[in-house]
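Structure first, commentary second.
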Amino acid sequence: MEERKCSFCNRNIEAGTGKIYAKKDGTVFYFCSSKCEKNMTKLKRVPRRIEWAIKGW
Numbered sequence: 024m025e026e027r028k029c030s031f032c033n034r035n036i037e038a039g040t041g042k043i044y045a046k047k048d049g050t051v052f053y054f055c056s057s058k059c060e061k062n063m064t065k066l067k068r069v070p071r072r073i074e075w076a077i078k079g080w
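Just remember that our numbering sits 23 ahead of the position in the sequence shown, which is counted from 1.
Structure, rendered in structure tokens:
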């Protein structure tokens, strides 16, 4: 199985869980939870400024 990482918090996503978000330009984001999805897409937050996001950037 392919192991994926969350595009926002950099956590591992287990197979069969999470969400995939594709933009019109073809960019694909993987999210472990709706919390990460909303922070990146709707609120347009930068992960390196969020304390709870893993510092893997």
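All C-beta atoms, glycine included, are put in the ideal place defined by N, C-alpha and C.
Rounded to whole angstroms, residue 66 and residue 36 show a C-alpha spacing of 22 Å.
DSSP places residue 58 in the uninterrupted alpha helix (DSSP H) bounded by 57 to 60. If you look at residue 42, you'll find it in the beta strand (DSSP E) that goes 42 to 45. Segment contact: the stretch 41 to 57 against the stretch 67 to 76, fewer than three CB-CB distances shorter than 8 Å; contact not assigned. Under a 10 Å Cβ-count criterion, residue 30 is classified as buried, with 16 or more other Cβ atoms of the shown protein chains found around its own Cβ.
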